[in-house]
Amino acid sequence: MFDRTAFERPAIEVAPRLLGAILTKHSSDGAVSVRITEVEAYLGALDPGSHAFRGQTKRNSIMFGEPGFLYTYFTYGMHVCANVVCSPPGTASAVLLRAGEVVEGIDLARSRRLTSKTDADLARGPARFVVALGITLGDGGADLAALPFELTLEDIPPDFDAGVRTGVSGDGGTDAYPWRFWIPGDPTVSPYKAHAPKKRA
DNA sequence: ATTACGATCCACT
DNA sequence: GTGGATCGTAATG
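Here our numbering is used: the first residue of the first sequence is 1, the next is one more, and so on.
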C-alpha cells in the first residue's frame, strides 16, 4: 500500500527507500512497470544543484507542495525528467528517478524507446525512464497514490551503494551532495555522471 | 526584451 | 570520448 508519510522526510532519507520500488503507469495502450534501480536526492534550499535552491517559482512550485506527488521538468530543449516530491508542504526536496528495470509491459516500453538497442537501455537514464513509462510534462503534479500511477515500496529495501558529488563548496559538511543511490551491479544503472567533467587547464 | 545555460541523449569517431 | 540538438526558465538590462 501507499503510505504518504514515507515521503514526509528529506529526500536524502527517502531516496534509498525508493530503490527496488515498483512504479507503474497505466495508459490507454497498456501499463508499464519499472523496478527503480537508481535515484538521486536534491535537497531543496540546501542544495545549489536543486531547482528549489533559489526559492519557489512557477516552475518548481510542485516541489514545495505535498509529498508523494510527481515533479516533472523539461530540460536541454528536448528532455523530460521526473521526481518524487519529498518533505512536508512548504519544504522542498525531491528524488530524481534516474534508472529502472522494466518488469511489465516491455513490448510497450520497446515501442516507446525505439533507439534502445537492449532492454537494459529502455529506462537507463532519467529522460529515458520517463519515456519508457509514458510519463510526460503534463504528469507534473500527479498524485503517485492515484491512477494512472501506482507506486509500491519494498518492505525491505535492497542493499545499495551511494555516490557523492564533491567540490560544490569547500566547507566541511556542505560538500557532500547531491547524493546518488543505486543497486550495485544492476545492468540498468545509468553510466552518466551528475555533471560533465570539467576540462583541465 | 535579451541572454546564458542546463538534474541529457544520441550519433559519430 | 566528444559535440550538437533545442527551448523553457530565470537572471539581467
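Each residue gets a CB set at the ideal place from its N, CA and C atoms; glycine is no exception.
{"query": "Between Ser87, His79, Gly134, Phe160, which has its C-alpha nearest Gly30's C-alpha?", "result": "Gly134"}
{"query": "Taking just the CA atoms, how far does Ser116 sit from Asp186?", "result": "17 Å"}
{"query": "Leaving out five residues on either side along the sequence, give the residues of the same chain with a beta carbon under 6 Å from the beta carbon of Leu137.", "result": "Thr72, Phe74, Val80"}
{"query": "What's the gap between the Cα of Pro48 and the Cα of Phe7?", "result": "22 Å"}
{"query": "Where does Ala82 fall in DSSP's three states?", "result": "strand"}
{"query": "Between Glu104, Ala145, Arg128, which lies nearest to Leu114 when the distance is taken from Cα to Cα?", "result": "Arg128"}
{"query": "Could you give the C-beta distance for Glu104 and Thr24, rounded to a whole number, given that I count them as a contact under 8 Å?", "result": "7 Å"}
{"query": "Please work out which residues of its chain come closer than 7 Å, Cβ to Cβ, to Gly55, disregarding the five sequence neighbours upstream and downstream, and give them in chain order.", "result": "none"}
{"query": "Would you list the residues sitting across from Leu97 in a DSSP beta bridge?", "result": "Val39"}
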